[in-house]
Amino acid sequence: MSSVLVSHEPAGGRLLPDSWREPVDLNPALACLGQAQRVLMLQGPVGPFFDRVAQWLIGRGTQVKRVTFQGGDDRDCQALDPIRFTEAVAAWPQTLGTLLHGWRPDCIVLFGQSRIYHKVALERARALDIPCVVMEEGYFRPGYVTMELGGVNGYSTTLDRFVWGEPDAPAEMQPTGITPDISRSHFQKMAWHASQHYVAMRAEQRLYPHYQHHRVANPNFYARYWVRSWLRKGWHRGTDRQFQRWLFDSETPYFFVPLQLDGDSQITQHSLFPNNIDFVVRVIRSFAAHAPADSILVLRQHPHARGGTSHEPLIRGLASELKISARVHHMVEGDTPDLAQRSLGVVLINSTVGLQALERGAPLMVLGEAPYKRPDLTFAGELDHFWTRRRPPDPEAAEAFLAQVKNLTQAPASVYALRNESLGWSALM
Numbered sequence: 028m029s030s031v032l033v034s035h036e037p038a039g040g041r042l043l044p045d046s047w048r049e050p051v052d053l054n055p056a057l058a059c060l061g062q063a064q065r066v067l068m069l070q071g072p073v074g075p076f077f078d079r080v081a082q083w084l085i086g087r088g089t090q091v092k093r094v095t096f097q098g099g100d101d102r103d104c105q106a107l108d109p110i111r112f113t114e115a116v117a118a119w120p121q122t123l124g125t126l127l128h129g130w131r132p133d134c135i136v137l138f139g140q141s142r143i144y145h146k147v148a149l150e151r152a153r154a155l156d157i158p159c160v161v162m163e164e165g166y167f168r169p170g171y172v173t174m175e176l177g178g179v180n181g182y183s184t185t186l187d188r189f190v191w192g193e194p195d196a197p198a199e200m201q202p203t204g205i206t207p208d209i210s211r212s213h214f215q216k217m218a219w220h221a222s223q224h225y226v227a228m229r230a231e232q233r234l235y236p237h238y239q240h241h242r243v244a245n246p247n248f249y250a251r252y253w254v255r256s257w258l259r260k261g262w263h264r265g266t267d268r269q270f271q272r273w274l275f276d277s278e279t280p281y282f283f284v285p286l287q288l289d290g291d292s293q294i295t296q297h298s299l300f301p302n303n304i305d306f307v308v309r310v311i312r313s314f315a316a317h318a319p320a321d322s323i324l325v326l327r328q329h330p331h332a333r334g335g336t337s338h339e340p341l342i343r344g345l346a347s348e349l350k351i352s353a354r355v356h357h358m359v360e361g362d363t364p365d366l367a368q369r370s371l372g373v374v375l376i377n378s379t380v381g382l383q384a385l386e387r388g389a390p391l392m393v394l395g396e397a398p399y400k401r402p403d404l405t406f407a408g409e410l411d412h413f414w415t416r417r418r419p420p421d422p423e424a425a426e427a428f429l430a431q432v433k434n435l436t437q438a439p440a441s442v443y444a445l446r447n448e449s450l451g452w453s454a455l456m
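Numbering (our numbering), first residue to last: 28 to 456.
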């Protein structure tokens, strides 16, 4: 596989011609990782996922080193002895540079491109022409992890550089698409790994006094957060299910707005909105002024945001101010794919719900940066015009695009599976 420079530039507005892209039969990042001889691993998600990746690499004869930055990383890293970075952030570029020039890895792996330590690594990787495998939660869930060279989401250039399969080959000669690797009790495992990770982070603060976390680092915060989340889930489940049944049975015309998680890099790094509040205000005001009078607006809270500050008071207050209270509804629970499919259209920043909308043929308005923000898939005009001029994505273009996304950017994996659940990537190589 050819060497690919790390890029921080957003993807283009449309796919390049097939003749300009390199045909591949496997996710290019996974192929790069599988061919590497020396792999440097940085921070992973909470839990043993990066240990599972390290074990897979070691089993292939790859030399692996991993840097840990705090106690939670130490707890999760049991497959090898880590390199502990305990200094201030300002010392990280020099430490990383020494490691890169001394050991000379031919691949860097990290989870979360917006973390301060990873931003430095991506810049150094680009300067030294070292392929960098960037991972995130799967664009398709459950059962997948996103894995791309150089960047994901708004920084993804995979679809503009590669094409999955041979464009002119008959169907029987095309590679077989990947299938998900789903581990049972996904949420419970994630909660367990997270709780252990943050307790260990707090316990080893003295060893890592200068560490800067990308989220709140207090385990008590997360304990309270998830207790509130489960209480709100139980409180709203019945009424939201009842509302959804009424919505579908009555065939009331509605637009669907899935909210993203506050502080998500998809908002802060890949959109013009500083937070969800500005997005909500923009959408509701536009809906009030331009949407058909018989339509309603349904906003759904992000599932992982239940334990935080609810946007319901803001939504109700703004709807009342605009005198459209009867036309605006906030949901905590609900079946997101069905809500997208049955809607008149979906409005979002750059959520993975956009892919679900494309799968189900729903008209889509994207207000941030996203790999699927392309003229034949999403509405290219202004939000004020979307309510009346929307149109569904081109079915053939959507099907082809989704096949490319899944096979070029995803790898089958349950990110929060247990340590003894092995990865099946070798069967794909």
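Glycine is no exception: its CB is placed at the ideal position from the N, C-alpha and C atoms.
Source: prediction; values computed, not measured.
Give a yes or no on whether 8 angstroms exceeds the smallest Cβ distance from residue i to chain D.
i    : result
A320 : Chain labels in this structure do not include chain D; a single protein chain is all it has.
Apart from the five residues on each side of it in sequence, which residues of its chain come closer than 6 angstroms, Cβ to Cβ, to residue i?
i    : result
S449 : none
W414 : H317 and A318
A230 : G98
H357 : L326, E339 and I342
Under the three-state reduction of DSSP, which class applies to residue i: helix, strand or coil?
i    : result
Y252 : helix
I135 : strand
Q269 : helix
K92  : strand
T173 : strand
V50  : Correcting the residue type first, residue 50 is Pro in the shown sequence and not Val. Reduced to three states, the DSSP call for P50 is strand.
E396 : coil
E231 : coil
R312 : helix
A438 : strand
L445 : coil
Could you compute how far the alpha carbon of residue i sits from the alpha carbon of residue j?
i    : j    : result
V325 : K350 : 16 angstroms
R259 : V359 : 8 angstroms
Q105 : F77  : 10 angstroms
P398 : N180 : 6 angstroms
F282 : H412 : 13 angstroms
P75  : R343 : 42 angstroms
R354 : D362 : 20 angstroms
P158 : E278 : 50 angstroms
D52  : R268 : 42 angstroms
I205 : A320 : 44 angstroms
Y235 : D101 : 11 angstroms
F214 : S441 : 11 angstroms
A115 : V136 : 22 angstroms
G71  : A81  : 11 angstroms
T184 : E175 : 9 angstroms
R142 : Q239 : 9 angstroms
L186 : L435 : 7 angstroms
H145 : P207 : 27 angstroms
Y225 : P330 : 21 angstroms
H220 : F248 : 15 angstroms
F306 : I85  : 45 angstroms
P202 : W452 : 15 angstroms
N54  : E423 : 22 angstroms
Can you list, in chain order, the residues of its chain with a C-beta nearer than 7 angstroms to that of residue i? Leave out the 5 residues immediately preceding and following it.
i    : result
R418 : P390
Q140 : L149, V161, G178, V179 and Y182
L345 : V308 and I311
R111 : T95
R369 : F275
L123 : V147, A148 and R151
C59  : M28, C134, P158, V160 and L176
Return the residue from the list the options that minimises the CA-CA distance to residue i.
i    : options                   : result
W273 : S298, L366 and L429       : L366
M68  : S322, A244, R255 and D133 : D133
G381 : M228, V432 and V307       : V432
V73  : V307, E164, R327 and F248 : E164
H263 : R111, Q328 and V310       : Q328
E426 : L455, G71, L435 and R387  : R387
E396 : N377, A407, P402 and G408 : N377
L445 : R79, R153 and L429        : R79
V373 : A218, M392 and Q383       : M392
F447 : R153, S210 and A384       : Going by the sequence as given, residue 447 is Asn instead of Phe. The residue with the shortest Cα to Cα distance from N447 is S210.
Q90  : N54, R131 and P50         : R131
R233 : S313, F138 and T113       : T113
F138 : N245, R93 and R153        : R93
H16  : W119, E348 and I323       : With the chain represented from 28 up to 456, any question about residue 16 goes unanswered, as that position is not in the structure.
Which same chain residues, not among the five before or five after residue i, have their C-beta less than 8 angstroms away from its C-beta?
i    : result
I304 : H338 and L341
L286 : N303, F306, V307, L326, R327, Q328, H329, A332 and H338
Look at residue i and residue j and say whether their C-beta atoms are less than 8 angstroms apart.
i    : j    : result
L107 : L127 : no
G88  : M228 : no
Q437 : F167 : yes
R401 : V190 : no
L375 : V243 : no
P420 : L404 : yes
L57  : L429 : no
G192 : P50  : yes
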